[in-house]
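Chemist: Below is a structure I'd like to ask you about.
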Amino acid sequence: MNDRRVPEWRDVLERCGLEVTGDAPPDAPPVNSAIYAVNGVEVEPVATIPDSAPHASDKLDEAWHHHASQAALYDEKGEFLVLPPGPGGSRIGWVRVKDTVGKNLPSRISGVTGSPEFIAVSLDGRRLCAASVEEYDYWVVVHEF
Numbered sequence: 001m002n003d004r005r006v007p008e009w010r011d012v013l014e015r016c017g018l019e020v021t022g023d024a025p026p027d028a029p030p031v032n033s034a035i036y037a038v039n040g041v042e043v044e045p046v047a048t049i050p051d052s053a054p055h056a057s058d059k060l061d062e063a064w065h066h067h068a069s070q071a072a073l074y075d076e077k078g079e080f081l082v083l084p085p086g087p088g089g090s091r092i093g094w095v096r097v098k099d100t101v102g103k104n105l106p107s108r109i110s111g112v113t114g115s116p117e118f119i120a121v122s123l124d125g126r127r128l129c130a131a132s133v134e135e136y137d138y139w140v141v142v143h144e145f
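What follows is the structure in structure tokens.
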């Protein structure tokens, strides 16, 4: 039987408004290094939004897009790398995508997966911008490799 269904991770990306545009470059950072850069004990977020704050998800969206822009996460075509959000994304590895909507990415991801958490990296693998949930806060984390 020839199964032509779209892989679940790819469907999740598409439902989040992320278009898969190609393969990740070979010099992308190791997935475990990126996860540690977001979840390590010594991580300091560049933005913290209490999840109980009014319009917390809107504030997370604004903060993530601001810091992603400041970090030059996107290339000239608007492309970047992302670990597919949700269970198993780290096993899939980096996927090259373009955000076809251009705003509210953490909220769109949350609408599909139930959580705004995700990790994105520039195509050259040097700059990371992530949204994370820590206890009672949303964090935006920026890291340079």
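The opening position of the sequence shown corresponds to residue 1 in this note's numbering, with each subsequent residue numbered one higher. Think of the CB as a built atom: it goes at the ideal place given N, C-alpha and C, for glycine as much as any other residue. These figures come from a predicted structure and were not determined experimentally.
Less than 7 Å between the beta carbons of residue 41 and residue 141, yes or no?
Modeler: For residue 41 and residue 141, no; Cβs fall outside 7 Å.
Chemist: List in chain order: all unbroken beta strand (DSSP E) runs of 3+ residues lying wholly within the region 51-136.
Modeler: Listed in chain order, they are 79-82, 95-99, 118-121 and 127-134.
Chemist: When you compare only the Cα positions, how much space is there between residue 9 and residue 70?
Modeler: Each residue's alpha carbon lies about 28 Å from the other.
Chemist: Taking only the alpha-carbon atoms, compute the straight-line gap between residue 15 and residue 44 and give it to the nearest angstrom.
Modeler: Computed Cα separation, rounded: 30 Å.
Chemist: Using alpha carbons as the reference points, say which of 90, 85 and 112 lies closest to residue 32.
Modeler: If we check each option's Cα against that of residue 32, 90 comes out closest.
Chemist: Looking only at C-alpha atoms, which of 131, 64, 52 and 95 sits nearest to residue 23?
Modeler: Comparing Cα positions, the closest option is 95.
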